[in-house]
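In what follows, a structure is listed as structure tokens, so that the remarks can point back to it.
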Amino acid sequence: MKPLRWGVLGATAHISGRVLPAIHRTPGNVVAAVASRPGRQAAAAEVARPFGARVHDGYDALLADPDIDAVYIALPNTRHVPWTLRSLDAGKHVLVEKPMALSEEDCVRIERAAADLVVMEAYMYRFHPQQVRAAELLASGEIGDLRVVRSAFAYPTATEGNIRFDPALGGGATWDVGCYAFDVPLWAFGADPLRVRATFHSREVDLSAVATMDFGDGRSAVLDYSLEYGPRAAYEFQGTRGSISVRNAWTSPVEDGLITVVTLDGVRDEVVPAADAYEHQTAAFAEAVREKVTPLVSPAHSARTARVGEALVRSAATGAEVTLRRRP
224 MKPLRWGVLG ATAHISGRVL PAIHRTPGNV VAAVASRPGR QAAAAEVARP FGARVHDGYD
284 ALLADPDIDA VYIALPNTRH VPWTLRSLDA GKHVLVEKPM ALSEEDCVRI ERAAADLVVM
344 EAYMYRFHPQ QVRAAELLAS GEIGDLRVVR SAFAYPTATE GNIRFDPALG GGATWDVGCY
404 AFDVPLWAFG ADPLRVRATF HSREVDLSAV ATMDFGDGRS AVLDYSLEYG PRAAYEFQGT
464 RGSISVRNAW TSPVEDGLIT VVTLDGVRDE VVPAADAYEH QTAAFAEAVR EKVTPLVSPA
524 HSARTARVGE ALVRSAATGA EVTLRRRP
């Protein structure tokens, strides 16, 4: 099997510590090149060295490399769209950190540009065995019809020099931890909410939020997320006959997963052995490339997520409930 050769745009500590090692450990995948901003080759070389990867001075140089099959985009939020489009134009498959885009319109642009290439938003938790098991339990009908999703992701974050707090780069809690929190009810219900309402605590950017979503027919979601309090990382599905709780939803690669199922028949815990979500994500993306199939986190799902993120931001800005327009 020919290996999938990866290039990386953006040499951050998170990428060098979590993402690249996972790609390197996943069979059939090779970290082939790392690109830095012009003049920052020394920093990129430090990231590339453990993997024997080439270093390109500038992102365009990496995209011109004929020996790169797929690109991981780890740039600030506002740079995801232009560099995803340029990567697709260069004939590269793309795995881009969330958020893929800050608007539904830009997600649609990316989907149209992809043609026969694979493009996927990096919601790595969707590929973790704990998440897979939670989805299986929900689909089994053991807790009856799903009525309420509760989701929370929060951790206090240092502000000094942190791009998460730069409004010019698409910073703020909504497009960081919030993406995960409101992604959960979207896939769980498999639908768009009809209405959303959000309240933000903000300074230059939103730092915390509490939000509700109305999916109709008595189905709702309640979520909170924050860059200023925590830690908290959990979600719960409440059905007509019981609940499923995931208490460490965005678990580390050395932490066992823990799912609790409560029904009228009793309570049970299921332990999911520790696993690296980034490895599972890499394997799934590579399979989508080789099999030429739509990935689990599809461009259509990304457009839905961006659409909801836009609505939450609009609700917080106006102080009013926002009704989402129906898509054609």
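Start counting the sequence shown at 224; every next residue gets the next number (the working numbering). Heads up, the beta-carbon is just placed ideally off N, CA and C, and yes, glycines get one too.
- As the crow flies, the alpha-carbon of T546 is around 41 Å from that of D292.
- The alpha-carbon of N385 is positioned some 11 Å away from that of L392.
- Sorting E320, V477, G233 by C-alpha distance to the C-alpha of A345 places E320 at the top.
- The straight-line gap separating the alpha-carbon atoms of L298 and V270 is approximately 15 Å.
- With fewer than 16 neighbouring CB atoms inside 10 Å of its own CB, A540 falls in the exposed class.
- DSSP places L369 inside the beta strand (DSSP E), whose first and last residues are 369-377.
- T235 has its alpha-carbon roughly 16 Å from the corresponding atom of R277.
- If you check the CB distance, Y458 and V372 come in under 8 Å.
- Apart from sequence neighbours up to five positions away, the residues of its chain that approach F376 with a beta-carbon distance below 6 Å are V400, Y403, A404, Y448, A456, ordered along the chain.
- Distances from the CA of P273 to each of A506, I296, I238 were compared; the closest alpha carbon is that of I238.
- Under DSSP, I467 shares a beta bridge with F460, V484.
- Shortest Cα-Cα distance from N300 to any of A498, N471, F388 involves F388.
- The C-beta of V490 has fewer than 16 other C-beta atoms within 10 Å across all chains shown, which makes the residue exposed.
- The straight-line gap separating the alpha-carbon atoms of H279 and N471 is approximately 38 Å.
- Judged by DSSP in its simplified three-state form, E544 adopts coil rather than helix or strand.
- Counted as a single uninterrupted DSSP element, the beta strand (DSSP E) harbouring W229 occupies residues 227-232.
- For V242, there is no enclosing beta strand (DSSP E), since its DSSP letter is neither H nor E.
- Of the residues assessed, V257 falls on the buried side of the cut-off, its CB having 16 or more other CB atoms within 10 angstroms.
- Its chain contains T483 as the residues whose beta carbon lies nearer than 6 Å to that of D492, once the 5 sequence neighbours on both sides are disregarded; these appear in chain order.
- Taking C-alpha positions only, Y282 is separated from A265 by approximately 15 Å.
- For Y295, the enclosing beta strand (DSSP E) has its first and last residue at 293-296.
- Under the three-pair Cβ rule at 8 Å, the region 323-342 counts as touching the region 514-534.
- V520 sits away from R248, with the two beta carbons spaced by 8 Å or more.
- Shown here for Y452: same chain residues with a beta carbon closer than 7 Å to its own, the five before and five after excluded, namely A377, P379, S431 in chain order.
- Rounded to the nearest angstrom, the Cβ distance from T422 to V407 is 19 Å, too far for a contact under 8 Å.
- Comparing alpha-carbon positions, the option among R549, M343, T474, R418 lying closest to A507 turns out to be M343.
- Y282 carries a helical assignment under DSSP once its states are collapsed to helix, strand and coil.
- Note: F423 is bridge-paired with A432 in the DSSP secondary-structure output.
- Going by beta carbons, G532 and W410 fall outside the 8 Å limit.
- Excluding residues up to 5 positions away in sequence, D429, L430, S431, A432, Y448, S449, L450 lie with their Cβ nearer than 7 Å to the Cβ of A396 in the same chain.
- Straight-line spacing of the CA atoms in L311 and R335 works out to 10 Å.
- The beta carbon of L487 lies closer than 8 Å to those of R464, G465 in the same chain, with the five residues before and after it left out.
- Bridge pairing for L318: Y295, M343 [DSSP].
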